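Structure first, commentary second.
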Amino acid sequence: MKDKIILITGGAGGIGQASAKEFLDHGAKVILVDLNEEALKNAKSNLGDENIHLIKADVTNEEDVENYVRETVDRFGKIDIFFNNAGINGPFKEIKDLSKKEFDLVMSINTTGVFLGMKHVIQQMEKQEHGTIVNTASNAAYIGSAGMPAYIASKHAVAGLTKTAALEAADSNIRVNAVAPAAIDTDMLSDIQNNLTPGEPEKSGEAIKAGIPFGRFGTPEEVAKVVYFLASDNASFVTGSMYNVDGGMQAD
Ligand SMILES: NC(=O)C1=CN([C@@H]2O[C@H](COP(=O)(O)OP(=O)(O)OC[C@H]3O[C@@H](n4cnc5c(N)ncnc54)[C@H](O)[C@@H]3O)[C@@H](O)[C@H]2O)C=CC1
Ligand SMILES: CC(=O)C(C)=O
1 MKDKIILITG
11 GAGGIGQASA
21 KEFLDHGAKV
31 ILVDLNEEAL
41 KNAKSNLGDE
51 NIHLIKADVT
61 NEEDVENYVR
71 ETVDRFGKID
81 IFFNNAGING
91 PFKEIKDLSK
101 KEFDLVMSIN
111 TTGVFLGMKH
121 VIQQMEKQEH
131 GTIVNTASNA
141 AYIGSAGMPA
151 YIASKHAVAG
161 LTKTAALEAA
171 DSNIRVNAVA
181 PAAIDTDMLS
191 DIQNNLTPGE
201 PEKSGEAIKA
211 GIPFGRFGTP
221 EEVAKVVYFL
231 ASDNASFVTG
241 SMYNVDGGMQ
251 AD
C-alpha cells in the first residue's frame, strides 16, 4: 500500500476511521471525506498521522462529490482505492408512518451518495486504467426489518449498484465490491439500540447479540481488515462480490 491514495467517505465515523488506520498502518495516504467537520478534525487527531488529508463534503451533493474527486487528484495525482462508506440509519418508523422527506434523506445519503461517488471516481479511475472500489452495504442488503424501511431499501440498492458497477468497469481494470457488515460497535449501532429501547440500550443490545451466532458485536477494525483485503492485490480476481462481516448472521 506504500504511496497508494485512498479516499474514504464517512471517514470520520467508526468504520471509516478504523479503515483509515488500517491503510495508514500499511503506508498509504488517506483522504477522509465527511459532512461533519468537527468529527473530521477529531479523526485526524485520533489517528495522529501526517498522511491524512481532510475534505468536508456532503455525499448527496454532486458538486461536493466532483470537488472531493478533483481536490484529491489535484493534490495526489490519482485515486487508487475508493471506500464509499458514508451512511445513516434514518428514523425508526414503519412505512405507513414514514414521510417522503424522511425516506428521501436516507436514500439520498446511502444510495444516491454511493452512486455519485462511484460515477465520478470511476471516470477518474478509467483515465488511470486502474482502481478498486469498496462500497459499504449491510446485512440490511439481504433482509427486511420492520421499522427500517428506507435503510433496508437503500442497502439493497447498494448491492445492485455494486454488481452493476463491477460489470461496467471490469474492462477498465477496476474492481468493485461491497462489505456487508452487521451490528458493528459504532455510534450508528448505539443509535439503533437507543431507538429500540429508549434509555435502556443494553436491553436491545443483548437482544441483538442473541441473534448473532458469535454472540457479540463486531468491531470497526474487523470490518476494516476485510475492506483492506478487498482493496488489496490479494483480491485481484474478486469483483462484484458482497463480503459479509456479520458474526455468522447470514448463515443462519
Ligand atoms: N455500525 C453498524 O452496525 C453497521 C454499519 N453499516 C454501514 O457502515 C457505514 C459506516 O457506518 P458507521 O461507521 O457504523 O457509522 P458512523 O455513524 O460512525 O459513521 C457514518 C459517517 O457518515 C457520515 N455522513 C453521514 N451523512 C453524510 C453525508 N451526507 N455526507 C458525508 N458524510 C456523511 C457521518 O458524519 C459519519 O461520520 C454506513 O454506511 C452504515 O450504514 C452497515 C452495517 C452495520
Ligand atoms: C446498521 C446496520 O446495518 C446493522 C445493524 O446491521
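All residue numbers for the sequence shown refer to the UniProt record's numbering, where the first residue is 1 and numbers rise by one. Ideal Cβ positions, reconstructed from N, Cα and C, are used throughout, including at glycine. Given the structure is predicted, the values throughout are model-derived calculations rather than measurements.
Just to check my reading of the structure: residue i and residue j have Cβ atoms closer than 8 Å, yes? What is that Cβ distance to the nearest angstrom?
i      : j      : result
Asn178 : Ala150 : Inspection of the sequence shows that residue 178 is occupied by Ala rather than by Asn. The Cβ separation is near 18 Å, so there is no contact.
Ala18  : Pro220 : 4 Å
Asn46  : Val30  : Contact flag wrong, Cβ pair sits at about 13 Å.
Leu189 : Ala180 : Contact flag wrong, Cβ pair sits at about 15 Å.
Ile174 : His130 : 7 Å
Ala20  : Gly11  : 6 Å
Leu167 : Gly240 : 7 Å
Ala251 : Pro213 : 7 Å
Gly147 : Glu94  : 6 Å
Gly90  : Val106 : 4 Å
Thinking just about the alpha-carbon of each residue, which of the options is nearest to the one in residue i?
i      : options                           : result
Ile122 : Phe82, Glu102 and Ala140          : Phe82
Ile8   : Lys41, Tyr68 and Glu50            : Tyr68
Ile55  : Gly48, Lys209 and Glu71           : Glu71
Ile88  : Ser204, Ser232, Glu200 and Asp191 : Asp191
Gly144 : Ala153, Ala137 and Thr136         : Ala153
Asn84  : Met107, Val176 and Leu98          : Val176
Ala140 : Ile5, Leu32 and Asn244            : Asn244
Met1   : Thr112, Asp233 and Ala169         : Asp233
Asp80  : Asn135, Thr111 and Ile6           : Ile6
Lys4   : Phe76, Ile15 and Asp97            : Phe76
Ser236 : Asp246, Ala170 and Leu196         : Ala170
Ala165 : Val33, Asn135 and Glu38           : Asn135
Note the first and the last residue of the continuous beta strand (DSSP E) segment covering residue i.
i      : result
Asn135 : Gly131 to Thr136
Asp187 : Premise fails: Asp187 lies in the alpha helix (DSSP H), Asp187 to Leu196, not in any beta strand (DSSP E).
Pro181 : Ile174 to Pro181
Leu54  : Ile52 to Lys56
Please list the terminal residues of the continuous alpha helix (DSSP H) segment that includes residue i.
i      : result
Val121 : Gly113 to Gln128
Val106 : Lys100 to Met107
Ala208 : In the sequence as displayed, the identity of residue 208 is Ile instead of Ala. Start and end: Pro201 to Ala210.
Gly14  : Gly14 to Asp25
Val227 : Pro220 to Ala231
Would DSSP call residue i helix, strand or coil?
i      : result
Gly247 : coil
Asp80  : coil
Lys90  : At residue 90 the sequence reads Gly, which differs from the Lys that was named. Of the three classes helix, strand and coil, the one that applies to Gly90 here is coil, per DSSP.
Gly160 : helix
Thr95  : Checking the displayed sequence, the identity of residue 95 turns out to be Ile instead of Thr. In the structure shown, Ile95 sits in a helix (DSSP, three-state: H, G or I).
Asp3   : coil
Ala165 : helix
Ser236 : coil
Thr72  : helix
Going by DSSP, name the residue or residues bridged to residue i.
i      : result
Thr9   : Val33
Met148 : None, per the DSSP bridge assignment.
Met242 : Ala178
Ile184 : Gly218
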